[in-house]
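Quick note: the numbering used here has the sequence shown finishing at residue 193, numbered continuously throughout. Single-structure report; data block below.
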Amino acid sequence: TDEVHRRAFANSLCVGAYVDGRQVGFGRAITDRTVFAYLADIIIWPGHRGQGIGSRLVQALIDHPEVRTVFHWSLSTSDAHGVYEKLGFKPSTDGRYMRLDRIPE
89 TDEVHRRAFA NSLCVGAYVD GRQVGFGRAI TDRTVFAYLA DIIIWPGHRG QGIGSRLVQA
149 LIDHPEVRTV FHWSLSTSDA HGVYEKLGFK PSTDGRYMRL DRIPE
């Protein structure tokens with residue numbers, strides 16, 4: 089429902105991707121804003137995929153000032169491993185999860 093989404097987004101760090109003023113993507117990090125963040129709902133609209141927008145959106149989340157001290161990032165993906173590997177994420181042994189460990193600032 090809309091209320092469920094509003095509550096979920098209110099408790100996440102959300103970013104959007106825009107081209108010519110129109111939204112073409114969305115992503116959020118569920119995080120304590122100190123140590124841990126989980127990337128969720130990374131979505132690029134059809135017709136805008138394959139242009140690097142998803143990579144830039146994820147990088148914007150990782151580099152966001154509110155989470156600059158976060159050093160454990162994780163996510164679950166079934167089909168976008170290459171996107172995340174280019175950003176430094178490593179797959180788990182079963183390939184379902186990916187993790188990025190950074191040195192805290």
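A virtual CB, placed ideally from N, CA and C, is assigned to each residue, including glycine.
- Counting along the chain, Ser-143 sits inside the alpha helix (DSSP H) bounded by residues 141-151.
- Shown here, His-136 sits in coil according to DSSP, grouped into three states, outside any helix or strand.
- Secondary structure of Asp-120 (DSSP, three-state): coil.
- Excluding residues up to 5 positions away in sequence, Val-103 lie with their Cβ nearer than 6 Å to the Cβ of Ala-148 in the same chain.
- For the pair Gly-135 and Ile-141, the Cα-to-Cα distance works out to about 11 Å.
- Counting only the Cα atoms, Lys-178 lies some 18 Å from Ala-117.
- Leu-188 is not a Cβ neighbour of His-169, given a cutoff of 9 Å.
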